[in-house]
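Number of protein chains: 2
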Amino acid sequence: MPLLVMKFGGTSVADMDKIRNVARKVQREVDNGYRVIVVLSAMSGKTNELLGYVRDAAGGPEAAAPGFYDAREYDAILSSGEQVTSGILSIVLQELGVQARSWQGWQVPVKTTSAHGAARIDEIPTDNLNMKFGEGMEVAVIAGFQGISAENRITTLGRGGSDTTAVAFAAAFEAERCDIYTDVDGIYTTDPRITQKARKLEKIAYEEMLELASLGAKVLQTRSVELAMRYKVRLQVLSSFSDEPGTLVCDEEEIVEKNAVAGVASVRDEAKLTLISVADRPGIAAAIFGPLADAGVNVDMIIQNISEDGRTDMTFSCPMDQVPLATRAIEKAKASGEINYHALDADTGVAKVSIVGIGMRSNAGVAQKMFKALSDDGINIKVITTSEIKVSVLVDRKYMELAVQSLHDAFDLDKAS
Amino acid sequence: MPLLVMKFGGTSVADMDKIRNVARKVQREVDNGYRVIVVLSAMSGKTNELLGYVRDAAGGPEAAAPGFYDAREYDAILSSGEQVTSGILSIVLQELGVQARSWQGWQVPVKTTSAHGAARIDEIPTDNLNMKFGEGMEVAVIAGFQGISAENRITTLGRGGSDTTAVAFAAAFEAERCDIYTDVDGIYTTDPRITQKARKLEKIAYEEMLELASLGAKVLQTRSVELAMRYKVRLQVLSSFSDEPGTLVCDEEEIVEKNAVAGVASVRDEAKLTLISVADRPGIAAAIFGPLADAGVNVDMIIQNISEDGRTDMTFSCPMDQVPLATRAIEKAKASGEINYHALDADTGVAKVSIVGIGMRSNAGVAQKMFKALSDDGINIKVITTSEIKVSVLVDRKYMELAVQSLHDAFDLDKAS
Numbered sequence: 001m002p003l004l005v006m007k008f009g010g011t012s013v014a015d016m017d018k019i020r021n022v023a024r025k026v027q028r029e030v031d032n033g034y035r036v037i038v039v040l041s042a043m044s045g046k047t048n049e050l051l052g053y054v055r056d057a058a059g060g061p062e063a064a065a066p067g068f069y070d071a072r073e074y075d076a077i078l079s080s081g082e083q084v085t086s087g088i089l090s091i092v093l094q095e096l097g098v099q100a101r102s103w104q105g106w107q108v109p110v111k112t113t114s115a116h117g118a119a120r121i122d123e124i125p126t127d128n129l130n131m132k133f134g135e136g137m138e139v140a141v142i143a144g145f146q147g148i149s150a151e152n153r154i155t156t157l158g159r160g161g162s163d164t165t166a167v168a169f170a171a172a173f174e175a176e177r178c179d180i181y182t183d184v185d186g187i188y189t190t191d192p193r194i195t196q197k198a199r200k201l202e203k204i205a206y207e208e209m210l211e212l213a214s215l216g217a218k219v220l221q222t223r224s225v226e227l228a229m230r231y232k233v234r235l236q237v238l239s240s241f242s243d244e245p246g247t248l249v250c251d252e253e254e255i256v257e258k259n260a261v262a263g264v265a266s267v268r269d270e271a272k273l274t275l276i277s278v279a280d281r282p283g284i285a286a287a288i289f290g291p292l293a294d295a296g297v298n299v300d301m302i303i304q305n306i307s308e309d310g311r312t313d314m315t316f317s318c319p320m321d322q323v324p325l326a327t328r329a330i331e332k333a334k335a336s337g338e339i340n341y342h343a344l345d346a347d348t349g350v351a352k353v354s355i356v357g358i359g360m361r362s363n364a365g366v367a368q369k370m371f372k373a374l375s376d377d378g379i380n381i382k383v384i385t386t387s388e389i390k391v392s393v394l395v396d397r398k399y400m401e402l403a404v405q406s407l408h409d410a411f412d413l414d415k416a417s
Numbered sequence: 001m002p003l004l005v006m007k008f009g010g011t012s013v014a015d016m017d018k019i020r021n022v023a024r025k026v027q028r029e030v031d032n033g034y035r036v037i038v039v040l041s042a043m044s045g046k047t048n049e050l051l052g053y054v055r056d057a058a059g060g061p062e063a064a065a066p067g068f069y070d071a072r073e074y075d076a077i078l079s080s081g082e083q084v085t086s087g088i089l090s091i092v093l094q095e096l097g098v099q100a101r102s103w104q105g106w107q108v109p110v111k112t113t114s115a116h117g118a119a120r121i122d123e124i125p126t127d128n129l130n131m132k133f134g135e136g137m138e139v140a141v142i143a144g145f146q147g148i149s150a151e152n153r154i155t156t157l158g159r160g161g162s163d164t165t166a167v168a169f170a171a172a173f174e175a176e177r178c179d180i181y182t183d184v185d186g187i188y189t190t191d192p193r194i195t196q197k198a199r200k201l202e203k204i205a206y207e208e209m210l211e212l213a214s215l216g217a218k219v220l221q222t223r224s225v226e227l228a229m230r231y232k233v234r235l236q237v238l239s240s241f242s243d244e245p246g247t248l249v250c251d252e253e254e255i256v257e258k259n260a261v262a263g264v265a266s267v268r269d270e271a272k273l274t275l276i277s278v279a280d281r282p283g284i285a286a287a288i289f290g291p292l293a294d295a296g297v298n299v300d301m302i303i304q305n306i307s308e309d310g311r312t313d314m315t316f317s318c319p320m321d322q323v324p325l326a327t328r329a330i331e332k333a334k335a336s337g338e339i340n341y342h343a344l345d346a347d348t349g350v351a352k353v354s355i356v357g358i359g360m361r362s363n364a365g366v367a368q369k370m371f372k373a374l375s376d377d378g379i380n381i382k383v384i385t386t387s388e389i390k391v392s393v394l395v396d397r398k399y400m401e402l403a404v405q406s407l408h409d410a411f412d413l414d415k416a417s
């Protein structure tokens, strides 16, 4: 009998009406002949309520950071949210005549590392669930986000943990598909708030999805996409609140017609910092970026100009709100004599726009077409970086929307291939 | 190292300030040199919130009764309340520098029957906790009310389950004492709302406590007292909100000075039903009380008059609100020819007043002293029943408070023996 994994996030189980809606979707798949593994989050808001208890217990809001409290207790407390929703949905499903039961992480068991609060799944043995499927269970309702350590303590997987749980179950049980139900109805060619021409993709390759993280971050956690890619789990992103098909995230071999470009991503609040006239010597990049990494700055693009007279300009980008952090780290490195430069120039008015597509590999001239489209619309490119399936540019922030619209048109993304 | 069990109910952990208060009490016992097992309930109100989810899931308030939903899921949902408080208290204790950790029922494990919603504890293996005590754990914070079945499902113990959990741990770990912290400060000679002369008892025997259920019901569940009696667990009832010693419930051998009477109990809303002129024959009692039991009537006292001319009067008492139930059951039995009587008389205006004391066994004349005290105050006795350590009477309801005060004075209960 084919098996389907269905994952519902916190907004999809926020109240009893929504849970009934979830139950009907699950029942439909049972009626379609599937065995179903449902993975649930806590009711939206519940995790924050529980986190509030943890913070209060640890001595107030300033104690929010891990390390201020025992992460094992944090996990015992936080995991109760999914425990409740898994029980509720099981009862609702039973009311509909579906043979359902709840499974806590430790009951499956979902074996994880002992990195409490950010554990990784080591193994999901299939015996217990398969035995119950054999005895007539139609639906296993899994409390997502949680597992059990070798020390028999409850663990949680950290942000997006329920997506990861779902993908891991789909991999372990060789599910036909892993459906991630959420509050958006799929992955779009670009942010629909920027252009109404944005089109929902029928399919997208894992690699593209990972590169489009800025589009997909609110939908799928990077970690779950990586896991899906590794185990070839077919992921569908679709809406809890409609019956439309969503977007299938899958192996590129399953995508017959490939556009050169699958989507256009944008990140609004970026900054570009340039160290002007750095004394160029072996190890200079490490001397600059080591302190930045230590300070926790998320350096994105890095550009080094050609060296002249033993000096060079070094440019990098980072999130706008990390500029003070970056500036302090670099000035400290200069004061300690580790690096030497004439001036530090910070441009806090840039945005990043990227085109992503696996078709780029076999399609020369994509980057050139991008630069021309931007140039035709009078948009100046400040920095360029490329990877095998992505070209990113920094532009003045005020041109971000225009750049996205321009590229969306240039690559005909409003038309299915 | 001596070990203490401390149990705190829902009102004692209702908010963070109260949980901090609990933590200080626990810390004090650690400082006194005890290893401590703390047993917690859910925050007051939380269990009802969770029960509300269960009812909604099962299709509304009319689905409140078990059987309308899967009790295994009910248990998974309800047990999350204690999971949260056990984690919170552990963090707060750690903040105070106490080596504490939470234990869910399944982690200990608290092995129970599979009677979900009303499971009984079969066994509490001591290995896991003792190993951790050996490694430096000072306090084990147990999620009360819950356990695990042989089928690896979460079970709950039903009403008062956390008291039972506490006593069972005290028995398994041979604790020096089991302190039940609650919102009253001990067991009184009678209800202090009836007479200000009511005095807090220093000690009370298990048997007395069981007979005084009507006084103690709000404090200790009968089941936990029975368990304590069986395993000779010394139970102390004391207040979470003061530092006064409470009342020790213990073996009678530990009570050196025994009053003939330990306390006076009363139950306000009783009813007395009399079947007048019943045809007396072998098996008549079964013919009457069988149908009453089948109808769910809680028959308390039973009096049968001397038979004359083959007929007798049969009187019994039950809670006032069960009179319609009892009446219907008896009239049905008459209609079917199982019993035969001239009239059914229902007196719904009576109350039950009882004196209880293990000293009665060796002290003749206690009942006589009771009857005289009531008679002196002009109170007519309608029905009398006695057991080895209790004498109960039914009186007109309007005399209930007077009867209690009269007996409290007559047996000098305001004075310690």
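The listed protein sequences derive, respectively, from chains A and B.
Numbering of the first sequence is given in the working numbering, commencing with residue 1 and proceeding in unit increments.
Numbering of the second sequence is given in the working numbering, commencing with residue 1 and proceeding in unit increments.
We put the beta carbon where it would ideally sit given N, CA and C, even for glycine.
Here the structure is a predicted model, which is why all the values come from computation and not from measurement.
{"Item": "Boundaries (first-last residue) of the alpha helix (DSSP H) holding Ile288(A)", "Value": "284 to 294"}
{"Item": "Same chain only: Cβ atoms within 8 Å of Lys332(A), ignoring 5 sequence neighbours per side", "Value": "Pro291"}
{"Item": "For Gln236(A), the nearest candidate out of Lys352(A), Thr312(A), Lys200(A) (CA to CA)", "Value": "Lys200(A)"}
{"Item": "C-alpha distance - Glu135(B) paired with Asp70(A), whole-angstrom precision", "Value": "17 Å"}
{"Item": "Sheet register partners of Val184(A) (DSSP bridge)", "Value": "DSSP output for Val184(A) lists no bridge partner at all."}
{"Item": "Val356(A) beta carbon less than 7 Å from that of Leu212(A)", "Value": "yes"}
{"Item": "Every unbroken beta strand (DSSP E) inside the region 291 to 325 of chain A [3 residues or more]", "Value": "302 to 304, 311 to 319"}
{"Item": "Proximity test, Cβ basis, 7 Å: Ala57(B) and chain A", "Value": "yes"}
{"Item": "Ser80(B) at chain A interface by Cβ criterion, 7 Å", "Value": "yes"}
{"Item": "Contacts around Gly144(A), its chain only, beta-carbon distance under 6 Å, and the 5 residues preceding and following it disregarded", "Value": "Val39, Leu40, Ser41, Glu82, Ser162, Thr165"}
{"Item": "Residue closest to Gly117(A), alpha-carbon to alpha-carbon, out of Ser149(A), Glu123(A), His342(A), Val98(A)", "Value": "Ser149(A)"}
{"Item": "7 Å Cβ cut-off: residues of chain B touching Glu138(A)", "Value": "By Cβ distance, chain B contributes nothing, its closest Cβ being about 14 Å from Glu138(A), past 7 Å."}
{"Item": "Alpha-carbon spacing of Asp309(A) relative to Tyr399(A), whole angstroms", "Value": "36 Å"}
{"Item": "Within 8 Å of chain A by C-beta, residues of the region 101 to 114 of chain B in sequence order", "Value": "Arg101, Ser102, Gln104, Trp106, Gln107"}
{"Item": "Test: Glu244(A) CB closer than 7 Å to a CB of chain B", "Value": "no"}
{"Item": "Cβ-based burial, Phe1(B) [other Cβ within 10 Å; buried from 16]", "Value": "Position check: residue 1(B) holds Met in this sequence, whereas Phe was assumed. Per the 10 Å Cβ criterion, exposed."}
{"Item": "Where Gln94(B) meets chain A, residues with beta-carbon distance less than 7 Å", "Value": "Asp70"}
{"Item": "Under 9 Å from the C-beta of Ser239(B): neighbouring residues of chain A", "Value": "In chain order: nothing, as chain A lies at least about 23 Å away."}
{"Item": "Interface residues of chain A facing Leu407(B) [CB-CB closer than 7 Å]", "Value": "Those within 7 Å of Leu407(B) in chain A number zero; the least Cβ separation is about 48 Å."}
{"Item": "Arg20(B), DSSP secondary structure in three states", "Value": "helix"}
{"Item": "Backbone secondary structure at Thr113(A) - three-state DSSP", "Value": "coil"}
{"Item": "Touching by the beta-carbon criterion (3+ pairs, under 8 Å), the region 19 to 36 of chain B and the region 50 to 58 of chain B", "Value": "no"}
{"Item": "Nearest candidate by alpha-carbon position, reference Thr47(B), set Ile358(B), Phe68(B), Val13(B)", "Value": "Val13(B)"}
{"Item": "Top-ranked residue by Cα proximity to Glu207(A), from Leu78(A), Ala76(A), Ile358(A)", "Value": "Ile358(A)"}
{"Item": "Three-way DSSP call (helix, strand, coil) for Gln236(A) in this model", "Value": "strand"}
{"Item": "Which residues DSSP lists as bridging Glu207(B), in chain order", "Value": "Glu207(B) is not bridged to any residue."}
{"Item": "Min CB distance Asn340(B) to chain A below 7 Å", "Value": "no"}
{"Item": "CA-to-CA distance, Gly10(A) to Gln146(A), given in whole angstroms", "Value": "15 Å"}
{"Item": "Boundaries (first-last residue) of the beta strand (DSSP E) holding Asp345(B)", "Value": "343 to 356"}
{"Item": "At least three beta-carbon pairs within less than 8 Å, the region 289 to 303 of chain A to the region 371 to 387 of chain A", "Value": "yes"}
{"Item": "Every unbroken alpha helix (DSSP H) within the region 41 to 125 of chain A, with a cutoff of 4 residues, ordered by chain", "Value": "46 to 57, 71 to 78, 80 to 95"}
{"Item": "Beta-carbon gap between Ala119(A) and Thr126(A) smaller than 7 Å", "Value": "no"}
{"Item": "Ile37(A) (DSSP reduced to helix, strand or coil)", "Value": "strand"}
{"Item": "Nearest-angstrom Cα separation, counted from Ser354(A) out to Gln94(A)", "Value": "48 Å"}
{"Item": "Within-7 Å CB hit, Asn48(A) to chain B", "Value": "no"}
{"Item": "Proximity of His408(A) and Thr190(A) at Cβ, strictly below 7 Å", "Value": "yes"}
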